[in-house]
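Worksheet: the structure to be examined is printed underneath.
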Amino acid sequence: MTNTTVIKLGGSLLEDATRRSVALRLIVGAWQRGKDLVLVHGGGKKIDATLARLGIPKRTHAGLRITDEATLEVVVSVLAGIVNKSLVAELSALGIRAAGISGSDGNTVMAEIHPPIDGIDLGHVGRVTGSSPTLIRSMLNYGMLPVVSSIAQGHDGALLNVNADTVAAAVAASLGARSLIFLTDVAGFLDENGTLVDLLTDTDAEARIAGGQVTGGMRPKLEAAVGALRSGVSEVVIAGPENHGDALAGETGGTHLVAA
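Rendered as C-alpha cells:
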C-alpha cells in the first residue's frame, strides 16, 4: 500500500466557481504539504448543458447516461477537453504542476461495453475491467499532480463513458492508495431520517444498497467505495464542503467507510 490519496471531484462543485476554487485551494495546500494526490473528475452538468445546446436529447437509465455516437463525442470533448484542461489550468495558476489525462491514456482505466440493463442498450458505456498505475505513478514521480477524466479504453480501441466514481475507485485500487476521498456538495451519506452517518463498513453499505436505502448519486459512490475497500484501499471518505479541509487533512468529518 502507498500513501497516495485519490480525490474525486464532481457534482455541482465543478459548476460553482466559488466552491470549486475553495476545493482546489485545499487540494493545492495538501499537495504542497507533501501529500501524493491524484484528482479524478466527472462533469455531468457540463455535458448536459452542451447536449442541450446542440439539441441532443439526454437519456439515462438506472443512473447511467445512455451514450450513442453523438453523445459520446460530447462526453469525450467535454470531459477530456474543457473540464480536464480547465482544472489543470486552475491548479497551475495556484502554483503547482498539474497534468491532465483521460483514463484511456496509458491503459489507466480499461473497460468493456456495459451489458444492457432491463433490456435497455446503454450504448458506449463502459464497465471497468482493470486499471494500470504506470502513467500516474510516472507523473507523481516527476512531481506532477495527475488530473484524470472518466473516459476509459475499450478492449477494441474504442472510447467508453464510465461513471467517475467508479473510475476513482479503480484508480485508487490500482495504485494501492491509502485513501479515496469523494469531495461532494452534500454532507455525506444520510440515513432515512436525514441524519449524517459518520461511519459505515463495507458490509453495512452493501446492505443499505441492497435494501433500497441508497438512491441518486449516492448509490454509485457507495458502490465504488465498497469496491475500493475490497480491493485494499484502507479508507473511503465522503465529505461535503464544510468538511473538505478535514478530509484532506485526515481528520474526522463526513462519512467514513472502512472494511468490516
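Note that our numbering has the sequence shown beginning at 1, numbered continuously upward. Glycine included, C-beta positions come from ideal geometry on N, C-alpha and C.
Indicate whether the contact test is met: 3 or more Cβ pairs, each with one atom in the region 248–259 and one in the region 20–30, closer than 8 Å.
-> yes
CB-CB under 6 Å to residue 185, same chain, minus the five flanking residues each way: which ones, in chain order?
-> As a working mapping, residue 185 is identified with position 185 in the sequence shown. Taken in chain order, the residues that qualify are 11, 12, 13.
Would you mind sorting residue 97 into buried or exposed? The rule is 16 or more other CB atoms within 10 Å of its CB.
-> Position 97 of the sequence shown, counting from 1, holds the residue named residue 97. So residue 97 counts as exposed.
Determine, using beta carbons only, whether residue 3 and residue 48 come nearer to each other than 8 Å.
-> Translated into the one-based positions of the sequence shown, residue 3 becomes position 3. Translated into the one-based positions of the sequence shown, residue 48 becomes position 48. No, Cβ-Cβ distance for residue 3 and residue 48 is not below 8 Å.
Just how far apart, CA to CA, sit residue 59 and residue 33?
-> Position 59 of the sequence shown, counted from the start, is the residue given in the question as residue 59. Position 33 of the sequence shown, counted from the start, is the residue given in the question as residue 33. Straight-line Cα distance between these residues: approximately 43 Å.
Under the DSSP definition of a beta bridge, which residues are partnered with residue 242?
-> Here the question's residue 242 lines up with position 242 in the sequence shown. Note: residue 242 sits in no beta bridge, so no partner.
Any chance you could list the beta strand (DSSP E) runs of at least 3 consecutive residues sitting entirely within the region 194–230, in chain order?
-> 199–201
Counting Cβ pairs closer than 8 Å, one from the region 134–147 and one from the region 193–212, do we hit at least three?
-> no
Please confirm whether residue 257 and residue 173 have their CB atoms less than 8 Å apart.
-> On the sequence shown, position 257 is the one that residue 257 refers to. On the sequence shown, position 173 is the one that residue 173 refers to. Not in contact: residue 257 and residue 173 (Cβ atoms no closer than 8 Å).
Should the region 124–138 be regarded as contacting the region 62–79, the criterion being three or more beta carbon pairs within less than 8 Å?
-> yes
Specify the secondary structure class of residue 81 as computed by DSSP and reduced to three states.
-> Looking up residue 81 in the sequence shown gives position 81. Residue 81 falls in the helix class under three-state DSSP.
Under 8 Å, do residue 136 and residue 171 count as touching if we go by C-beta distance?
-> Taking the sequence shown and counting its residues from 1, the one referred to as residue 136 is at position 136. Taking the sequence shown and counting its residues from 1, the one referred to as residue 171 is at position 171. Yes, they are a contact pair.
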